[in-house]
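Colleague: This is the structure I want to talk about, given as structure tokens.
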Amino acid sequence: MEEFSCKTKLICGSGAIARLADFRAQKLFLVADPYFVKNGTAKRVAEASGCAQVEVFDKIQPDPTVELAAEGTAKLREFDPDLVAALGGGSTLDCAKAMAYFAKGSYTLVAIPTTSGSGSEVTDFAILTHNKVKHPLVDPWLRPDAAILDSDLLSELPKGLIAETGFDVLTHALEAYVAKGAGAVTDLLAREAFSSAYAALPASYAGNREVRLKVHLAATMAGMAFTQAGLGICHAMAHSLGGAFHVPHGRLNAILLPAVVSCNAHVAGKKYAEIARGAGMGGSADTIALRNLKNGLIRLRRELNLPETLAQAGVDPRAVWRSVNSIVDAALADPCCKSNPMEPEGFLVRRILEEVTGRV
Ligand SMILES: NC(=O)c1ccc[n+]([C@@H]2O[C@H](COP(=O)([O-])OP(=O)(O)OC[C@H]3O[C@@H](n4cnc5c(N)ncnc54)[C@H](O)[C@@H]3O)[C@@H](O)[C@H]2O)c1
Ligand SMILES: [Fe+2]
Numbered sequence: 050m051e052e053f054s055c056k057t058k059l060i061c062g063s064g065a066i067a068r069l070a071d072f073r074a075q076k077l078f079l080v081a082d083p084y085f086v087k088n089g090t091a092k093r094v095a096e097a098s099g100c101a102q103v104e105v106f107d108k109i110q111p112d113p114t115v116e117l118a119a120e121g122t123a124k125l126r127e128f129d130p131d132l133v134a135a136l137g138g139g140s141t142l143d144c145a146k147a148m149a150y151f152a153k154g155s156y157t158l159v160a161i162p163t164t165s166g167s168g169s170e171v172t173d174f175a176i177l178t179h180n181k182v183k184h185p186l187v188d189p190w191l192r193p194d195a196a197i198l199d200s201d202l203l204s205e206l207p208k209g210l211i212a213e214t215g216f217d218v219l220t221h222a223l224e225a226y227v228a229k230g231a232g233a234v235t236d237l238l239a240r241e242a243f244s245s246a247y248a249a250l251p252a253s254y255a256g257n258r259e260v261r262l263k264v265h266l267a268a269t270m271a272g273m274a275f276t277q278a279g280l281g282i283c284h285a286m287a288h289s290l291g292g293a294f295h296v297p298h299g300r301l302n303a304i305l306l307p308a309v310v311s312c313n314a315h316v317a318g319k320k321y322a323e324i325a326r327g328a329g330m331g332g333s334a335d336t337i338a339l340r341n342l343k344n345g346l347i348r349l350r351r352e353l354n355l356p357e358t359l360a361q362a363g364v365d366p367r368a369v370w371r372s373v374n375s376i377v378d379a380a381l382a383d384p385c386c387k388s389n390p391m392e393p394e395g396f397l398v399r400r401i402l403e404e405v406t407g408r409v
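Numbering-wise (this note's numbering), the sequence shown opens with residue 50 and increments by one.
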């Protein structure tokens, strides 16, 4: 049985932030990435809301901590707004979602993503870091009421961020497509997100701004798919390694994903082949389509100048093997493991680590 719901209203296109006025709010609490406070975008968003009172919380850092969310929660409670808006990438969105969740007020929560990656604008997840471990909060209450997908916010995206967050989208779509919770509706979203992002990423990376809304929508579609279907071992390991070594989330997914495809292939080969054909990678036999998928991901990773190993991402492989037990334990304890197409065990996580640290 498949159940699908998306409570998040989507407002998409150039200039969409003007639609913040639709919420007719009086008091806006704006959680903003400091980058957008400095370049004046936060001010434009505050003006667009039409609110008489505005408070800006701009202490966001990549991979927000529990302590930061607690500090923001106290500020949010004290200000007591009727509208909470989050302006930034997945880190800002997650922190704002967690703050609204813990503050337990009755606000409208609007997510305005500025990266095309996390999908957090439509998901039931918020990922916070505590003691170097990333903890996904999972609750339907975390899903924002609305998401404003404004392509104008993407014009200054640095190349590295396009590449990293783009690979996050591909990983969300691919993991959701083979996840235990996948169904007809999530498959439709995941397939479209994967092929659209796979086709548009090279042009976006090369500087073509016209295709950026396409990738932005793909990120949201992939978010809608994975919040229902679940993710898998790639995300479980990216969370575990990300907490320990502070490598950006999308870069870790890019390193891990081809190795994960090989490990899951014996149970998910047919679906991997389907999604590869849908993205135009060809291969009439499943084994060929599967090989094309893995090669296609590796080729795209190279084209986007993303690292192939943890060492290339600045992580000393010896440091990984020194703390291998805690990395494996954290990955296996991550909720994303539950929806991987087969039950991951310690030896499998180690096998993937061997591939991405260059031991094999
Ligand atoms: N909640 C979810 O469903 C979910 C899903 C996947 C990932 N995540 C989380 O999201 C986080 C990653 O988010 P992210 O990849 O969007 O990056 P991010 O929010 O961590 O931002 C990375 C950097 O990009 C900068 N930046 C953001 N938008 C920009 C723009 N338009 N132009 C220039 N610079 C910009 C930020 O200032 C920051 O320095 C991780 O913590 C990950 O765990 C959450
Ligand atoms: Fe992700």
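Even for Gly, the Cβ is constructed at its ideal location relative to N, Cα and C.
Nothing here was measured: the structure is a model prediction, and the numbers come from that model.
Mapping DSSP to helix, strand and coil, what is Q110?
Modeller: By one-based count along the sequence shown, residue 110 stands at place 61. In the structure shown, Q110 sits in coil (DSSP, three-state: anything other than H, G, I, E or B).
Colleague: By how many angstroms is the C-alpha of I109 removed from the C-alpha of A118?
Modeller: Here residue 118 refers to the residue found at position 69 when the sequence shown is read from its first residue. Here residue 109 refers to the residue found at position 60 when the sequence shown is read from its first residue. Distance between the alpha carbons of A118 and I109: 9 Å.
Colleague: Assuming M391 and N313 are in contact, meaning their beta carbons sit under 8 Å apart, how far apart are those beta carbons, in whole angstroms?
Modeller: As a working note, residue 391 is residue 342 in the sequence shown. As a working note, residue 313 is residue 264 in the sequence shown. Correct: roughly 7 Å between the Cβ atoms.
Colleague: Does the Cβ of I176 lie closer than 7 Å to at least one heavy atom of ligand 1?
Modeller: For the purposes of this step, residue 176 is identified with residue 127 of the sequence shown, where counting begins at 1. I176: yes, Cβ under 7 Å from ligand 1.
Colleague: For T406, which three-state DSSP category applies?
Modeller: Translated into positions along the sequence shown, residue 406 becomes position 357. Three-state result, T406: helix.
Colleague: Nearest-angstrom Cα distance between L266 and V218?
Modeller: Along the sequence shown, read from residue 1 onward, the residue named residue 266 stands at position 217. Along the sequence shown, read from residue 1 onward, the residue named residue 218 stands at position 169. Spanning the two alpha carbons is a distance of roughly 10 Å.
Colleague: Between N389 and ligand 2, is the CB less than 7 Å from at least one heavy atom?
Modeller: By 1-based counting over the sequence shown, the position of residue 389 is 340. No, the Cβ of N389 stays beyond 7 Å of every heavy atom of ligand 2.
Colleague: By the DSSP assignment, the beta strand (DSSP E) with A248 in it spans what residues?
Modeller: Locating residue 248 in the sequence shown gives position 199, where the first residue counts as 1. No beta strand (DSSP E) contains A248, which is instead part of the alpha helix (DSSP H) from 233-254.
Colleague: Assuming D199 and G64 make a contact with CB atoms under 8 Å, what is their CB distance in whole Å?
Modeller: The count along the sequence shown starts at 1 and reaches residue 199 at position 150. The count along the sequence shown starts at 1 and reaches residue 64 at position 15. Going by Cβ atoms, the distance from D199 to G64 rounds to 7 Å, so yes, they are a contact pair.
Colleague: Mapping DSSP to helix, strand and coil, what is V309?
Modeller: Translated into the one-based positions of the sequence shown, residue 309 becomes position 260. Reduced to three states, the DSSP call for V309 is helix.
Colleague: Less than 7 Å between the CB of S167 and some heavy atom of ligand 2, yes or no?
Modeller: Indexing the sequence shown from 1 puts residue 167 at position 118. Yes - ligand 2 has a heavy atom lying nearer than 7 Å to the Cβ of S167.
Colleague: Can you tell me where the beta strand (DSSP E) with I60 in it begins and where it stops?
Modeller: Along the sequence shown, one-based indexing puts residue 60 at 11. First-last of the beta strand (DSSP E) with I60: 58-61.
Colleague: Mind checking H315: buried by the 16 CB within 10 Å criterion, or exposed?
Modeller: Sequence index remark: in the sequence shown, residue 315 carries index 266 (1-based). By the neighbour-count rule (16 or more Cβ atoms within 10 Å), H315 is not buried but exposed.
Colleague: Short check: CB of A249 to CB of M270, under 8 Å?
Modeller: Position 200 of the sequence shown, counted from the first residue, corresponds to residue 249. Position 221 of the sequence shown, counted from the first residue, corresponds to residue 270. No. Outside cutoff.
Colleague: Quick check on Q75: does DSSP put it in helix, strand or coil?
Modeller: Working through the sequence shown from its first residue, we reach residue 75 at position 26. Coil.
Colleague: Go ahead and label E127 buried or exposed: buried means 16 or more other beta carbons lie within 10 angstroms of its beta carbon, across all protein chains shown.
Modeller: Walking along the sequence shown from the start, residue 127 turns up at place 78. Exposed is the call here.
Colleague: Let's test the definition: count the other Cβ atoms within 10 Å of the Cβ of M50 and tell me whether it reaches 16, buried, or not, exposed.
Modeller: Indexing the sequence shown from 1 puts residue 50 at position 1. Under this definition M50 is an exposed residue.
Colleague: If you reduce the DSSP assignment to three classes, tell me which class A101 lands in.
Modeller: Here residue 101 is taken as the residue at index 52 of the sequence shown, counted from 1. Note: A101 maps to coil in three-state DSSP.
Colleague: In chain order, what residues of the same chain have a beta carbon less than 7 Å from the beta carbon of N354, not counting five sequence neighbours either side?
Modeller: As a first step, residue 354 is located in the sequence shown; it is residue number 305 there, counting from the start. So the list reads A212, once near-sequence residues are dropped.
Colleague: So what does DSSP say about K410, is it helix, strand or coil?
Modeller: Any property of residue 410 remains undetermined from this structure, which presents the chain solely from 50 to 409.
Colleague: Just to confirm my understanding: we take D143, look at its own chain, exclude 5 residues before and 5 after, and list those with CB closer than 8 Å. What are they?
Modeller: Numbered from 1 along the sequence shown, position 94 holds the residue referred to as residue 143. Result list for D143: P113, S167, S169, F174, A175, I176, L177, in chain order.
Colleague: Going along the chain, which residues of its own chain have a beta-carbon closer than 6 Å to the beta-carbon of Y84, five neighbours each way excluded?
Modeller: If you number the sequence shown from 1, residue 84 lands on position 35. Counting only Cβ-Cβ distances below 6 Å, and skipping sequence neighbours, we find nothing.
Colleague: Looking at G281 and N180, is the spacing between their C-beta atoms short of 8 Å?
Modeller: Residue numbering aside, residue 180 sits at position 131 when the sequence shown is read from its first letter. Residue numbering aside, residue 281 sits at position 232 when the sequence shown is read from its first letter. No, Cβ-Cβ distance for N180 and G281 is not below 8 Å.
Colleague: Tell me, please, which residues DSSP counts as bridged to T178.
Modeller: Residue numbering aside, residue 178 sits at position 129 when the sequence shown is read from its first letter. Its beta-bridge partners are T114, K183.
Colleague: Looking only at its chain, what residues have a beta carbon closer than 8 Å to the beta carbon of R340, apart from the 5 residues adjacent to it on each side?
Modeller: Your numbering for residue 340 matches position 291 in the sequence shown. G332.
Colleague: Confirm the yes/no value for this check: CB of D143, any heavy atom of ligand 2, distance under 7 Å.
Modeller: Here the question's residue 143 lines up with position 94 in the sequence shown. Not under cutoff, so the answer is no.
Colleague: With 16 other CB atoms within 10 Å as the buried threshold, where does D383 fall?
Modeller: Within the sequence shown, the letter at position 334 stands for residue 383. By the 10 Å Cβ count, D383 comes out buried.
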